[in-house]
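Novice:
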């Protein structure tokens, strides 16, 4: 039983190489999710069975007070985690799975079934002025992590932290089995001609996805060269607009997205962690625009810029005609064929546990 958090498409995307490994091993896989993540997974795996899981119901804001709004939702989120755990118990009773995999699904565990939790967030990113309280959400994590057989961190270990996730995945000596398994990218590097100058990938939860879309579409015509825009609307896959120098799609199957990413010289997107892993697998340059108030993206954008890998700019300061040139000076990061090694590591972990 493999269940995925519905928060953007990143959790669903990074789960695809693991699910494909299970399918190749002739395992029967039951997938659980909801919303856009469920729609995405149904398209990627039309031959598998699905269940609709309880939605965490996390709502976002147009302002920079996202962290405060999320904190105010904590009691409701705890109720949803409890509902998710009860739902998992019903899944176990009905389908008798041999293992449970949860990508950031805190309630997806069972006392009598080996349960794995996938997350790069051992610590949550918090604003600088609240650093003194950083351990509080970490204790929340620890409370639930203890309920799982293993916590799988999709990153390469770099001393006491992760290479891509930095201090978000810092592991201390707790009574929890934390494993750095390596990155997980749903995209593979292929031999394609680099004939797209800029690929714009618009993603994330509403209302910020729509805000980001409007900003990009009002500026994209000012940029020279061949451009492709992916709107990140997983409800449908269609061509929205096509001009000689700019093509716009609502959404595309993953294989088509893979071709576009490989053809692109530069990617413009949110610095979601799954996106970071994909770019590292492909070795692409990028311009990152973090979601306002989204502390993890703000941290990751600053972290990879400090490392000298990728350029970033705040959304309110985005002027594509000025920032594209800056982004092209950053080399990116290339971790060739890292995902295959990660999937093999996960498989060994499962065999050991089962």
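In my numbering, the protein residues as written are 685 to 1038.
Quick reminder that beta carbons are idealized off the backbone N, C-alpha and C, glycines included.
It should be emphasised that the depicted structure is a prediction, and the values quoted were computed from it without experimental measurement.
So, is residue 843 buried or exposed, given that buried needs 16 or more other C-beta atoms within 10 angstroms?
Specialist: Sequence index remark: in the chain shown, residue 843 carries index 159 (1-based). Its Cβ having fewer than 16 others within 10 Å, residue 843 is exposed.
Novice: Based on Cα-Cα distance, which residue from 720, 685, 692, 727 lies nearest to residue 940?
Specialist: Reading the chain shown from its first residue, position 256 is the one you call residue 940. The shortest Cα separation from residue 940 among 720, 685, 692, 727 belongs to 727.
Novice: Thinking C-beta only, is residue 687 closer than 9 Å to residue 792?
Specialist: Your numbering for residue 792 matches position 108 in the chain shown. Your numbering for residue 687 matches position 3 in the chain shown. In contact: residue 792 and residue 687 (Cβ atoms closer than 9 Å).
Novice: Quick check: the Cα distance between residue 926 and residue 740, rounded to an integer number of angstroms?
Specialist: Locating residue 926 in the chain shown gives position 242, where the first residue counts as 1. Locating residue 740 in the chain shown gives position 56, where the first residue counts as 1. Cα to Cα, the separation comes out at about 37 Å.
Novice: Consult DSSP for residue 948 and reduce its assignment to one of helix, strand or coil.
Specialist: Against the chain shown, residue 948 aligns to sequence position 264. If DSSP states are grouped into helix, strand and coil, residue 948 belongs with the strands.
Novice: Check each candidate in 934, 860, 862, 883 and name the one with the smallest Cα separation from residue 894.
Specialist: Translated into the one-based positions of the chain shown, residue 894 becomes position 210. Among 934, 860, 862, 883, the Cα nearest to that of residue 894 belongs to 934.
Novice: Take residue 1037 and list the residues in its own chain whose beta-carbon comes closer than 8 Å to its own, dropping the five residues that flank it on each side.
Specialist: Taking the chain shown and counting its residues from 1, one reaches residue 1037 at position 353. Contacts found: 783, 798, 800, 833, 834.
Novice: So the candidates are 685, 694, 808, 689; which of them puts its Cα closest to the Cα of residue 938?
Specialist: Position 254 of the chain shown, counted from the first residue, corresponds to residue 938. When each option's Cα is compared against that of residue 938, the closest is 694.
Novice: Would you mind working out which of 706, 846, 900 sits nearest residue 1032, comparing C-alpha positions?
Specialist: As a first step, residue 1032 must be located in the chain shown, where it is residue number 348. For residue 1032, the nearest C-alpha among the options comes from 706.
Novice: Restricting to Cα atoms, I'd like to know which of 840, 830, 883, 718 is closest to residue 1025.
Specialist: Locating residue 1025 in the chain shown gives position 341, where the first residue counts as 1. Out of 840, 830, 883, 718, 840 has the C-alpha closest to the C-alpha of residue 1025.
Novice: Using C-beta distances below 7 Å, list every residue in its chain close to residue 1016, excluding the 5 sequence neighbours before and after it, in chain order.
Specialist: Residue 1016 sits at position 332 when you count from the first residue of the chain shown. So the list reads 963, 967, 968, 969, 970, 993, 994, once near-sequence residues are dropped.
Novice: With 16 as the cutoff for other CB atoms within 10 Å, does residue 991 come out buried or exposed?
Specialist: The residue labelled residue 991 in the question sits at position 307 within the chain shown. Looking at its Cβ environment, which holds fewer than 16 other Cβ atoms inside 10 Å, residue 991 is exposed.
Novice: With C-beta atoms as the reference, is residue 689 less than 9 Å away from residue 788?
Specialist: For this step, residue 689 is matched to residue 5 along the chain shown. For this step, residue 788 is matched to residue 104 along the chain shown. Yes, they are a contact pair.
Novice: For a quick check, are the C-beta atoms of residue 735 and residue 868 less than 9 Å apart?
Specialist: Stepping through the chain shown from its first residue, residue 735 is reached at position 51. Stepping through the chain shown from its first residue, residue 868 is reached at position 184. Contact: no.
Novice: Is residue 786 buried or exposed, if buried means 16 or more other CB atoms sit within 10 Å of its CB?
Specialist: Stepping through the chain shown from its first residue, residue 786 is reached at position 102. Its Cβ being crowded by 16 or more others within 10 Å, residue 786 is buried.
Novice: Give me the DSSP bridge partner(s) of residue 870.
Specialist: The residue given as residue 870 occupies position 186 in the chain shown. DSSP lists no partner for residue 870.
Novice: From residue 850 to residue 712, what does the alpha carbon distance come to, in whole angstroms?
Specialist: Numbered from its first residue, the chain shown carries residue 850 at position 166. Numbered from its first residue, the chain shown carries residue 712 at position 28. In a straight line, the C-alpha of residue 850 is about 35 Å away from that of residue 712.
Novice: With H, G and I counted as helix, E and B as strand and the rest as coil, what does DSSP make of residue 987?
Specialist: Sequence index remark: in the chain shown, residue 987 carries index 303 (1-based). Helix at residue 987.
Novice: Could you check which residue in 987, 880, 1007, 1029 has the C-alpha nearest to that of residue 809?
Specialist: On the chain shown, position 125 is the one that residue 809 refers to. For residue 809, the nearest C-alpha among the options comes from 987.
Novice: Look at residue 628 and residue 776 and say whether their C-beta atoms are less than 9 Å apart.
Specialist: Absent from the model: residue 628. The displayed extent of the chain is 685 to 1038, so no value can be given.
Novice: Going by DSSP in three states, residue 703 sits in which element: helix, strand or coil?
Specialist: By 1-based counting over the chain shown, the position of residue 703 is 19. Residue state, collapsed to three classes: helix.
Novice: Measuring only the C-alpha atoms, how far is residue 947 from residue 914?
Specialist: Position 263 of the chain shown, counting from 1, holds the residue named residue 947. Position 230 of the chain shown, counting from 1, holds the residue named residue 914. In a straight line, the C-alpha of residue 947 is about 14 Å away from that of residue 914.
Novice: Pull up the CB-CB distance for residue 999 and residue 899, whole angstroms please, since I reckon it's below 8 Å.
Specialist: Reading the chain shown from its first residue, position 315 is the one you call residue 999. Reading the chain shown from its first residue, position 215 is the one you call residue 899. At roughly 7 Å, the Cβ-Cβ gap stays under 8 Å, so residue 999 and residue 899 are in contact.
Novice: Taking all protein chains shown into account, decide if residue 820 is buried (16 or more other Cβ within 10 angstroms of its Cβ) or exposed.
Specialist: Translated into the one-based positions of the chain shown, residue 820 becomes position 136. With fewer than 16 other Cβ atoms within 10 Å, it is exposed.
Novice: Go through its chain and collect everything with a Cβ distance to residue 873's Cβ below 6 Å, but skip five positions before and after it.
Specialist: If you number the chain shown from 1, residue 873 lands on position 189. Cβ within range, chain order: 966.
Novice: For the candidate residues 828, 1002, 974, 1005, whose alpha-carbon lies nearest to that of residue 956?
Specialist: Along the chain shown, read from residue 1 onward, the residue named residue 956 stands at position 272. Of the candidates 828, 1002, 974, 1005, the one whose C-alpha sits nearest the C-alpha of residue 956 is 974.
Novice: Is the beta carbon of residue 883 sitting closer than 9 Å to the one on residue 790?
Specialist: For this step, residue 883 is matched to residue 199 along the chain shown. For this step, residue 790 is matched to residue 106 along the chain shown. Not closer than 9 Å, so no.
Novice: Suppose the cutoff is 6 Å on Cβ atoms and the five residues either side in sequence are ignored; what does the same chain contact list for residue 960 look like?
Specialist: To locate residue 960, count along the chain shown from 1; it is residue 276. Correct list, in chain order: 848.
Novice: In the structure shown, what three-state DSSP assignment does residue 799 receive?
Specialist: Along the chain shown, one-based indexing puts residue 799 at 115. Of the three classes helix, strand and coil, the one that applies to residue 799 here is strand, per DSSP.
Novice: Relative to the alpha-carbon of residue 708, which residue among 865, 732, 928 has its alpha-carbon at the smallest distance?
Specialist: Counting from 1 along the chain shown, the entry for residue 708 is found at position 24. The candidate whose alpha carbon is nearest that of residue 708 is 732.
Novice: Among 1009, 764, 866, which one has its Cα closest to the Cα of residue 702?
Specialist: In the chain shown, counting from the first residue as 1, residue 702 sits at position 18. Closest by alpha carbon: 866.
Novice: At the level of alpha carbons, what is the spacing between residue 906 and residue 837?
Specialist: To locate residue 906, count along the chain shown from 1; it is residue 222. To locate residue 837, count along the chain shown from 1; it is residue 153. Their backbone Cα atoms lie some 40 Å apart in a straight line.
Novice: Spatial neighbours of residue 716 within its chain, please: C-beta separation below 6 Å, excluding the five flanking residues on both sides.
Specialist: Within the chain shown, residue 716 is the residue found at index 32, counting from 1. If we look at residue 716 and ignore the five residues flanking it on each side, its Cβ neighbours are 687, 735, 737.
Novice: I need the boundaries of the alpha helix (DSSP H) containing residue 809, first residue and last residue.
Specialist: Working through the chain shown from its first residue, we reach residue 809 at position 125. Careful: residue 809 lies outside any alpha helix (DSSP H) and carries neither H nor E.
Novice: Please identify the residue among 972, 902, 871, 997 whose C-alpha is closest to the C-alpha of residue 1021.
Specialist: Taking the chain shown and counting its residues from 1, one reaches residue 1021 at position 337. Selected option, being the one with the closest Cα: 871.
Novice: Confirm, please, whether the CB-CB distance from residue 1011 to residue 952 is below 9 Å.
Specialist: Here residue 952 refers to the residue found at position 268 of the chain shown. Here residue 1011 refers to the residue found at position 327 of the chain shown. Taking 9 Å as the Cβ cut-off, residue 952 and residue 1011 qualify as a contacting pair.
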